[in-house]
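Heads up: the structure comes next, in structure tokens.
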Amino acid sequence: MSQTLIQSSSEVKQTGQRVKMSCEGSAIQISNVYIHWYQLTTFGGGLTWIGRIDPDDGYRRYSSSYHERFTMTFDTSINTAYLQIDNVKVEDTATYYCAGDRHSDPRLAPTIQKHPATVLLLL
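All the letters of the sequence shown, read from the start, carry residue numbers 1 to 123 under the UniProt record's numbering.
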């Protein structure tokens with residue numbers, strides 16, 4: 001059975017609202033890997049690393065651009081990690097990916113493939 005991560009469906013939010021995206025482990029325990037989050041903007045910014053969380057000890061590391069309104073959490077009892085964005089802005093419109101990796105370094109290729117993305121569209 002392949003090790004995959006299943007993401008929540010697309011969301012449509014208005015500016016100022018909150019969005020919480022999920023990343024559920026399928027045939028993998030999220031407590032055994034680092035969960036990385038990435039943003040692919042529609043404005044040509046490319047794929048950007050948001051941060052990573054270690055569900056084993058809860059340690060979070062954010063890219064400097066994402067430490068204020070973005071929050072990574074997890075619930076190991078349901079094998080799911082989350083990315084929450086508070087006070088969403090137009091520039092948050094993007095495709096968001098989670099990836100599981102046994103490395104904490106975002107520059108190393110994830111050993112578990114990124115899976116379907118959550119798209120945040122703002123009205």
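We put the CB at the ideal spot given by N, CA and C, even for glycine.
- Taking a cut-off of 8 Å for Cβ pairs, the stretch 73-91 and the stretch 28-43 touch, as three or more such pairs fall below it.
- Between the alpha carbons of I50 and D101 lies a gap of roughly 14 Å.
- For R69, no pairing in a beta bridge is given by DSSP.
- Distance from the CA atom of S31 to the CA atom of I85, rounded to whole angstroms, is 22 Å.
- T95: member of the beta strand (DSSP E) spanning 94-101, first to last residue.
- Counting along the chain, Q29 sits inside no beta strand (DSSP E), nor does DSSP assign it H or E at all.
- Within the model, the alpha-carbon separation for T41 versus Y66 is close to 14 Å.
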